[in-house]
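For reference, the structure discussed in these notes is given below.
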Amino acid sequence: MAAIPYKAVNWADNEPLFSSKLNQMANNEQWLYENTPRMLYTAYNQRRSEGIKIASGILMCNPAPSGVQQHVVRFGSFFSDACTPVVVTGLMHNGEVRITFGVRGIGKQYIGNDGFELLGGVMDWLKPDVVDYLGDISDQDCYSRFSDGRTNEFLNQIKNVEVTGTLPIVVEQEALSREFYQKTRQMLPDAEIFVALGNHDIRIFDYADKKMPALLEHITPEALWDFGNLGIPYIYYNDLPKKRYGDIHVHHGLAISKHSGESVKADIETFGVSLVRGHSHRMGAFFKTYELRNETLRGYEIGHNTDITSSGMAYSNSHNWQPGFAVATIENGTYPHIQLINISPEYTCVVDGRIFKG
Ligand SMILES: [Fe+2]
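Take a look at the structure:
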């Protein structure tokens, strides 16, 4: 039954509970339900009144001589990849002549936020002296050869922007990754942080070389991720593995096998050194001992932290991957004892006997 009109209900101190007032309050709830404005989404040949999300952002633009500016409002992972948003503007200056919105968005990452929250919690507690990120923090699918010529390709997404405005967008594209490194530095101001860039991290360099050569000299890891100010040394994906502590080297990884442990086995046989690596999205270890040399080569591939349900991970329909990371205790500063840390389906992990929840 439809509610009668809303009527305010007031109570005096120590007033008894009368059913008439309680009924009016119940009616008011129903009246609010029936009279609250509803949203109706009628764009892109869809008509929906449920499951609609609204988000808003604000930014301020200073006057620019060119009259063209690029700014980005990020909503994290609030909207799904398949979302087709309706974008509206609020107040604008009277002199405004044109506003262009990149509603599809660039600067995507396909990381698993729960997993990174978990890793952040572990680092905040463990306060490691050394952090090595083993690459592919940035996905850069808009620079990928798989996007070449498609709507997702970077230059297709910004084709209405003057060339002089392209470099800031390239840098802005990496904002999420830059913030990721900045957060690590803020959490661990004195830690040694090292990055082995992955094959995805460096897509921009090949792309710029091919399609934006005028910008190439300006596109550097320092410009993209602020590595200079953050005090983060790095190796490129094409560099040899970097020797870190003791026998352990790090690299993003070359070989890819669908079986855990086999990728790092192949890389150990390629480089002939002990290695910790990523890239395969699988977790595993491999050891090879040479008794006469009193030497054991140790290899660890440390899993992944992607969102396997995201569009960016849809290139495979068999995610036989393992989420996780690795921790190490470096005995006497010379011998790293490495442990693989598996992340459970409930986003929990155990480090030094302590349970962490994502
Ligand atoms: Fe990779």
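Just so you know, we're using this note's numbering here: the sequence shown kicks off at 2 and counts up by one.
We treat Cβ as the ideally placed atom computed from N, Cα and C, and that holds for glycine.
Just so you know, these numbers come straight off a predicted model, no measurement behind them.
Asked, Found
"Would you kindly check if the distance between the Cβ of Val132 and the Cβ of Ala192 is under 7 Å?", "yes"
"In chain order, which continuous runs of the beta strand (DSSP E) of length 3 or greater are located wholly inside the segment 113-172?", "131-134"
"For Ser139 and Ser178, which I take to be in contact (beta-carbon distance under 8 Å), what is that distance rounded to the nearest angstrom?", "4 Å"
"So Tyr301 is in the beta strand (DSSP E); what residue range does that whole segment cover?", "296-303"
"Check whether the Cβ atoms of Pro242 and Phe272 lie closer than 7 Å to each other.", "yes"
"Helix, strand or coil: which one does DSSP assign to Leu341?", "strand"
"I think Ile233 touches Phe195, with their Cβ atoms under 8 Å apart; what is that distance to the nearest whole Å?", "7 Å"
"By a C-beta neighbour count over all protein chains shown, 10 Å radius and 16 as the cutoff for buried, is Met213 buried or exposed?", "buried"
"Residue range of the beta strand (DSSP E) that Ala197 falls in?", "193-197"
"Would you call Cys84 buried or exposed, if buried means 16 or more other Cβ atoms sit within 10 Å of its Cβ?", "exposed"
"Going by beta carbon distance, what residues of the same chain come within less than 6 Å of Tyr7, once the five residues before and after it are set aside?", "Asn29, Trp32"
"Who are the Cβ neighbours of Cys143 in its own chain at under 7 Å, not counting the five residues just before and after it?", "Ile107, Asn153, Glu154, Phe155, Gln158"
"Quick check for students: name the residue ranges of the beta strand (DSSP E) that lie wholly in the segment 253-315, counting only runs of 3 or more.", "275-278, 284-291, 296-303"
"Between the beta-carbon of Tyr348 and the beta-carbon of Leu119, is there less than 7 Å?", "yes"
"For Pro324, list the residues DSSP reports as bridge partners.", "His305"
"If you draw a straight line from the C-alpha of Tyr357 to the C-alpha of Gly52, how long is it?", "The question names Tyr, but residue 357 is Phe in the sequence shown. About 32 Å."
"Flag this pair as yes or no: are the beta carbons of Ile269 and Leu293 separated by less than 7 Å?", "no"
"If you drop the 5 nearest sequence neighbours on each side, which residues of the same chain put their C-beta closer than 7 Å to that of Glu223?", "Gly229"
"Could you compute how far the alpha carbon of Arg49 sits from the alpha carbon of Arg283?", "40 Å"
"Give me the Cβ distance between Gly285 and Gly262, rounded to the nearest whole Å; I'm assuming they're in contact under 8 Å.", "3 Å"
"Taking all protein chains shown into account, do 16 or more other C-beta atoms lie within 10 angstroms of the C-beta of Met124, making it buried, or fewer, making it exposed?", "buried"
"Would you please state the rounded distance, in angstroms, between the beta carbons of Gly247 and Thr310? I believe it to be under 8 Å.", "Rounded, the Cβ-Cβ distance is 38 Å, inconsistent with contact."
"Can you tell me the Cα-Cα spacing of Asp210 and Trp126, whole angstroms?", "42 Å"
"Helix, strand or coil for His250, going by three-state DSSP, please let me know.", "strand"
"With hydrogens ignored, establish whether the beta-carbon of Gly232 is closer than 6 Å to any heavy atom of ligand 1.", "no"
"Where does Arg105 sit, in a helix, a strand or coil, going by DSSP?", "Residue placement at Arg105 is poorly supported in this model, since its pLDDT is 40, which falls under 50; the coordinates still yield a value, given next. Correct three-state label for Arg105: coil."
"Say the cut is 6 Å; is the CB of Asn200 nearer than that to a heavy atom of ligand 2?", "Among the ligands modelled here, namely ligand 1, ligand 2 does not occur."
"Bridge partners of Lys358, per DSSP?", "Thr349"
"Excluding the 5 residues preceding and the 5 following Leu216 in the sequence, name in chain order all residues of the same chain whose CB lies nearer than 6 Å to its CB.", "Leu168, Ala209"
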